[in-house]
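> Sequence positions in the sequence shown follow this note's numbering and run 7 to 96. In this text, a Cβ means the ideal position worked out from N, Cα and C, and glycines have one as well. Shown below is the structure under consideration.
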Amino acid sequence: MQPLFCYVLSMNVFAFVVFGIDKWLAVTQRKRISEKTLLAISFIGGSIGAIGAMLLFGHKTAKSSFLWKFSVVLVLQIGILMLLRHYFDL
């Protein structure tokens, strides 16, 4: 397997798990994982896993401020991927 594929796969699994843990923490009224951390994990390669967890667990789907920030992360990722593809023929 290519290293980039392994990285992206592991980051998405990690993001899915972290978002799931944060949902559990919310339900059990415990100290939560910060939104900054959730967004950072999404930005560095875990956005697909984060989306999956958000949909499966219904987590952060009603918080418009988080969804707006998450959308910015997705747009930035798409832009970065387009630049990488253009310059490095990925």
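For a test of the three-state rule: what should DSSP assign to G58, helix, strand or coil?
Correct three-state label for G58: helix.
> Please state whether the Cβ-Cβ distance between A21 and G55 is less than 8 Å.
Yes, these two residues count as a Cβ contact at 8 Å.
> Specify whether the region 33 to 53 and the region 10 to 24 touch according to this definition: at least 3 beta carbon pairs, one from each stretch, less than 8 Å apart.
Flag = yes, the region 33 to 53 and the region 10 to 24 touch.
> How many Å lie between L61 and D28 at the Cα?
Going from the Cα of L61 to the Cα of D28 covers about 14 Å.
> Helix, strand or coil for K69, going by three-state DSSP, please let me know.
Reduced to three states, the DSSP call for K69 is coil.
> I need the DSSP call for I39, collapsed to helix, strand or coil.
Correct three-state label for I39: coil.
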